[in-house]
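**Student:** Got a structure for you, written out below as structure tokens; questions coming shortly.
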Amino acid sequence: MNRREFLKTTALLGGGALMMTGWPGALLAQETPKKGGTLIWGHSETTQSLDMHVTGSASTLRLLENIHCPIVTVDKAFNVIPMLAESFEESPDGMTYTFKLRKDVKFHNGKTLDSADVKYSFDRVRDPKTGAVNFEVFKDVTSIETPDANTVIVKLGRVNAPFLSRLAENGAGVIMPADSGEGQANMPIGAGPFKFVRREFGHEVELVRFDDYFGGPAYLDKVISREITEPTVRLTGLRTGELHMINDIPADRVSEVEGIDTLQTLKWFPLNFDFLNFNHDYEPFKDARVRQAFDLMIDKEQLLQGALWDQGKLTASPSFPTSSSYDAALQQRPQDIEKAMALLAEAGYGPGKLKLVFKTTTNYPYHVESAQIMAEWFRAAGVEMTIEQLTWSDWLSQVWVNRDFQISMMNFFTLWEPDFLYYSLWNSTGAFNYRNIKDADIDTWTQEARGTVDPAARAELYKKVQQRISDQTLDVILWFRNGTIGAQKSVGGLDTIVHPNGSNLNFHKVWLNS
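Numbering (numbering that gives the first Met the number 0) for the sequence shown: 0 to 513.
Right under this line is the structure:
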């Protein structure tokens with residue numbers, strides 16, 4: 000099987016179910032898009048660095064999706080398709096990729112896209128000094144050639160089966176104007192449908208339509224993202240009309256919003272998965288018995304109901320639920336406090352001997368609620384635990400960057416691409432392995448998967464990784480969470496807004512009726 004055939008088969012490796020409620024489909028078909036207006040979006044999270052190569056925050060990517068474009072993207076079936084590239088070819092041996100660039104692409108600074116911009120962007124991501132979260136995507140790249148202004152040739156030292164799909168996801172393939180990197184964190188310049196205007200950190204970001212966008216100008220004049228992490232405040236803004244739309248309807252009030260005639264809702268599954276994290280460099284959590292004990296303390300179903308109000312589904316596998324790499328045979332451990340206490344005692348931590356700090360972020364209020372619920376179970380097992388609530392910036396700084404934590408909780412988005420999911424999170428060199436996990440078998444399997452073109456064989460390798468995660472309780476996988484958007488009836492094109500990865504939002508085809 001050659002690489003092109005492999006890409007076609009990976010259409011089977013994903014596919015979230017997009018469910019729309021709140022309006023009849025026939026009405027959508029009759030609506031005519033209108034140009035003009037400013038859409039006010041109640042963004043549920045706080046943006047961080049606006050450099051799309053560097054940021055690891057899904058909340059920031061959700062915004063930057065509208066400013067930047069990758070060289071390739073994916074369609075709804077997760078087939079890799081051209082974007083800034085007009086076409087691409089792969090050599091039969093899978094070692095050379097040739098991209099022909101579109102000739103009608105302009106950046107927001109007026110520059111026309113050429114091969115020098117692509118080489119600059121790829122070299123920038125692969126340069127360790129940049130600190131790009133997707134640096135390892137280019138690990139096997141040996142050279143990037145630009146024989147003319149519209150051609151880029153990327154050569155690999157060995158086969159990397161997910162290379163193209165990784166370029167389509169999470170900013171790895173985003174192209175910036177040459178030499179623009181230094182200013183991207185505060186003044187991003189891309190080739191997307193909207194231009195960056197300003198940001199008031201922690202409050203508001205303003206985007207304006209880019210009339211020279213190669214895909215045609217957007218309908219909206221502007222998009223203003225207001226960062227409102229408190230769910231009730233966000234919902235109140237929607238109900239009073241202050242906001243045109245919000246993402247992440249409060250989990251306990253989704254049915255309420257669905258019953259309001261003046262609003263419309265969009266729901267899809269899954270948005271992300273959530274998991275409990277241990278710092279594997281913290282002495283107690285170096286012991287698999289201690290990690291398993293914490294897994295046994297949790298009643299997953301009760302936690303799902305208490306913190307997420309049933310707006311999701313339990314899972315022991317982090318793979319997309321329709322992916323061939325999803326291991327349906329994996330089972331979550333049922334709650335067993337007595338067994339948990341026995342494991343802790345065996346590891347030398349009897350009642351009262353283990354005192355922990357659980358760092359959670361107010362950026363995800365349901366994480367705070369989850370920690371509060373789990374704290375009671377942990378105390379029942381003889382563990383003394385305090386909860387430290389951090390802002391999103393502080394959580395990223397302390398937990399993700401400095402790895403200064405003992406136990407925490409996080410969610411992971413854009414889980415359709417298995418190399419991004421398993422290599423980034425569980426390989427010892429993965430960009431998102433902030434838990435200091437070092438497992439030689441997982442390192443071997445995730446690297447082997449990169450050189451495995453056959454999708455069935457590759458899926459089996461990822462199932463081995465999942466089994467290892469479960470057996471060693473490297474993390475505790477909890478659930479998939481639903482995605483939700485609430486909007487005024489005046490918002491049109493809402494069904495176009497969610498990226499196939501289930502996380503990013505794009506306002507290119509959205510409009511306002513009044």
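Backbone N, C-alpha and C fix where the C-beta goes; we use that ideal spot for every residue, glycine too.
Give the list of continuous alpha helix (DSSP H) stretches no shorter than 4 residues that lie fully inside the segment 35-114.
**Tutor:** Counting whole runs of 4 or more residues, the segment 35-114 contains the alpha helix (DSSP H) stretches 57-63.
**Student:** Rounding to the nearest angstrom, what Cα-Cα distance links N435 and T314 in this structure?
**Tutor:** As a working mapping, residue 435 is identified with position 436 in the sequence shown. As a working mapping, residue 314 is identified with position 315 in the sequence shown. The straight-line gap from Cα to Cα measures roughly 23 Å.
**Student:** Just list the beta strand (DSSP E) runs in the segment 310-371, keeping only unbroken ones of 3 residues or longer that don't cross its boundaries, in chain order.
**Tutor:** Segments of the beta strand (DSSP E) lying fully in the segment 310-371: 311-313, 353-360.
**Student:** What is the residue span of the alpha helix (DSSP H) that P269 lies within?
**Tutor:** Here residue 269 refers to the residue found at position 270 when the sequence shown is read from its first residue. First-last for P269: 262-277, but that is the beta strand (DSSP E), not the alpha helix (DSSP H).
**Student:** What does a CB cutoff of less than 7 Å around P283 pick up in its chain, not counting 5 residues either side in sequence?
**Tutor:** Position 284 of the sequence shown, counted from the start, is the residue given in the question as residue 283. Cβ neighbours of P283 beyond the five flanking positions: V289, Y348, L353.
**Student:** Can you tell me whether DSSP reads E387 as helix, strand or coil?
**Tutor:** If you number the sequence shown from 1, residue 387 lands on position 388. Strand.
**Student:** Measuring CB atoms only, is the segment 445-454 touching the segment 203-219, in the sense that at least three cross pairs come out at less than 8 Å?
**Tutor:** Touching, no, given that fewer than three Cβ pairs across the two stretches are closer than 8 Å.
**Student:** If you follow the alpha helix (DSSP H) that I468 is in, where does it begin and where does it stop?
**Tutor:** Along the sequence shown, read from residue 1 onward, the residue named residue 468 stands at position 469. Element bounds for I468: 454-470.
**Student:** Nearest to D116 by alpha carbon, out of V151, M82, A328?
**Tutor:** Taking the sequence shown and counting its residues from 1, one reaches residue 116 at position 117. Of V151, M82, A328, the residue nearest in Cα terms is V151.
**Student:** G156: which of V173, K138, T239 sits nearest, CA to CA?
**Tutor:** For the purposes of this step, residue 156 is taken as residue 157 along the sequence shown, with counting starting at 1. Of V173, K138, T239, the residue nearest in Cα terms is K138.
**Student:** For L206, which three-state DSSP category applies?
**Tutor:** The count along the sequence shown starts at 1 and reaches residue 206 at position 207. Three-state DSSP puts L206 in a strand.
**Student:** Under 6 Å Cβ to Cβ from T228, same chain only, skipping five residues before and after it: list those, please.
**Tutor:** As a working note, residue 228 is residue 229 in the sequence shown. So the qualifying residues of the chain are N362.
**Student:** Per DSSP, Q301 is paired with what?
**Tutor:** Translated into positions along the sequence shown, residue 301 becomes position 302. In DSSP, Q301 forms no bridge with anything.
**Student:** Using the C-alpha atoms, what's the distance from S114 back to D147?
**Tutor:** Here residue 147 is taken as the residue at index 148 of the sequence shown, counted from 1. Here residue 114 is taken as the residue at index 115 of the sequence shown, counted from 1. For D147 and S114, the distance between alpha carbons rounds to 7 Å.
**Student:** Below 8 Å on the Cβ atoms is my contact criterion, and I expect R165 with D418 to pass it. Report the Cβ-Cβ distance as a whole number of Å.
**Tutor:** Sequence index remark: in the sequence shown, residue 165 carries index 166 (1-based). Sequence index remark: in the sequence shown, residue 418 carries index 419 (1-based). Their Cβ separation, rounded to whole angstroms, is 6 Å, which keeps R165 and D418 in contact under 8 Å.
**Student:** Where do the ends of the alpha helix (DSSP H) carrying W399 lie?
**Tutor:** Counting from 1 along the sequence shown, the entry for residue 399 is found at position 400. Unbroken run through W399: none, as it is neither H nor E.
**Student:** Return the first residue and the last residue of the beta strand (DSSP E) that P146 is part of.
**Tutor:** Numbered from 1 along the sequence shown, position 147 holds the residue referred to as residue 146. Unbroken beta strand (DSSP E) run through P146: 140-147.
**Student:** Enumerate, from N- to C-terminal direction, the unbroken alpha helix (DSSP H) stretches of 4 or more residues contained entirely within the segment 208-239.
**Tutor:** Within the segment 208-239, the complete alpha helix (DSSP H) runs of at least 4 residues are 230-239.
**Student:** With a 10 Å radius around its C-beta and 16 neighbouring C-beta atoms as the bar for buried, classify R123 as buried or exposed.
**Tutor:** Counting from one through the sequence shown, the residue named residue 123 turns up at place 124. Under this definition R123 is a buried residue.
**Student:** Going by the CB atoms, is the gap between Y119 and A171 shorter than 9 Å?
**Tutor:** Reading the sequence shown from its first residue, position 172 is the one you call residue 171. Reading the sequence shown from its first residue, position 120 is the one you call residue 119. No, the pair does not count as a contact, with Cβ atoms beyond the cut-off.
**Student:** Is the separation between the beta-carbon of E387 and that of T359 shorter than 9 Å?
**Tutor:** On the sequence shown, residue 387 is found 388 positions in, with the first residue counted as 1. On the sequence shown, residue 359 is found 360 positions in, with the first residue counted as 1. A contact, by the Cβ cut-off of 9 Å.
**Student:** Taking the beta carbon of Q263 as the centre, do at least 16 other beta carbons fall within 10 Å, making it buried, or is it exposed?
**Tutor:** Within the sequence shown, numbered from 1, the residue matching residue 263 stands at position 264. Q263 should be labelled buried.
**Student:** Determine the contact status of V132 and V71, defining contact as a CB-CB distance below 9 Å.
**Tutor:** Taking the first residue of the sequence shown as position 1, residue 132 is located at position 133. Taking the first residue of the sequence shown as position 1, residue 71 is located at position 72. Cβ distance not < 9 Å, so V132 and V71 don't count as in contact.
**Student:** Is S58 closer than 9 Å to T45 when the C-beta atoms are compared?
**Tutor:** The residue labelled residue 45 in the question sits at position 46 within the sequence shown. The residue labelled residue 58 in the question sits at position 59 within the sequence shown. Yes, they are a contact pair.
**Student:** Whole angstroms is fine: what's the gap from S343's alpha carbon to P350's?
**Tutor:** Position 344 of the sequence shown, counted from the first residue, corresponds to residue 343. Position 351 of the sequence shown, counted from the first residue, corresponds to residue 350. Note that residue 343 is Leu in the sequence shown, not Ser. Roughly 8 Å between the two C-alpha positions.
**Student:** Whole angstroms is fine: what's the gap from G101's alpha carbon to A250's?
**Tutor:** Stepping through the sequence shown from its first residue, residue 101 is reached at position 102. Stepping through the sequence shown from its first residue, residue 250 is reached at position 251. Reading the sequence as shown, one finds Arg at residue 101 and not Gly. Going from the Cα of R101 to the Cα of A250 covers about 43 Å.
**Student:** By alpha-carbon positions, which one of F213, I468, F121, R61 ends up nearest to R225?
**Tutor:** On the sequence shown, residue 225 is found 226 positions in, with the first residue counted as 1. Selected option, being the one with the closest Cα: R61.
**Student:** Would you tell me roughly how many angstroms separate the C-alpha atoms of H507 and F193, rounded to the nearest one?
**Tutor:** Here residue 507 is taken as the residue at index 508 of the sequence shown, counted from 1. Here residue 193 is taken as the residue at index 194 of the sequence shown, counted from 1. Spanning the two alpha carbons is a distance of roughly 8 Å.
**Student:** Using 9 Å as the threshold, is the C-beta distance between I80 and G191 below it?
**Tutor:** Reading the sequence shown from its first residue, position 81 is the one you call residue 80. Reading the sequence shown from its first residue, position 192 is the one you call residue 191. No, they are not a contact pair.
**Student:** Rank I476, W478, N505 by C-alpha distance to the C-alpha of I484 and give the top, closest one.
**Tutor:** Here residue 484 corresponds to residue number 485 of the sequence shown, with the count starting at 1. That would be N505, whose Cα lies nearest to the Cα of I484.
**Student:** DSSP state of L504, grouped into three classes?
**Tutor:** As a working mapping, residue 504 is identified with position 505 in the sequence shown. Strand, per DSSP.
**Student:** Under a Cβ-count criterion, where at least 16 other Cβ atoms within 10 Å of its own Cβ denotes burial, should A456 be classed as buried or exposed?
**Tutor:** Within the sequence shown, the letter at position 457 stands for residue 456. It counts as exposed.
**Student:** Put F195 into one of helix, strand or coil per three-state DSSP.
**Tutor:** Position 196 of the sequence shown, counted from the start, is the residue given in the question as residue 195. In the structure shown, F195 sits in a strand (DSSP, three-state: E or B).
**Student:** Could you give the first and the last residue of the continuous beta strand (DSSP E) run that contains S407?
**Tutor:** Position 408 of the sequence shown, counted from the start, is the residue given in the question as residue 407. Per DSSP, S407 belongs to the beta strand (DSSP E) from 406-411.
**Student:** Could you check how far apart the C-beta atoms of L502 and L163 are, in whole angstroms? I think they sit under 8 Å.
**Tutor:** Position 503 of the sequence shown holds residue 502. Position 164 of the sequence shown holds residue 163. Rather than Leu, the amino acid found at residue 502 in this sequence is Ser. Not a contact, Cβ separation roughly 20 Å.
**Student:** In terms of residues, what are the limits of the alpha helix (DSSP H) holding K479?
**Tutor:** Taking the sequence shown and counting its residues from 1, one reaches residue 479 at position 480. Checking the sequence shown, residue 479 turns out to be Phe, not Lys. Unbroken run through F479 is the beta strand (DSSP E), 474-487; no alpha helix (DSSP H).
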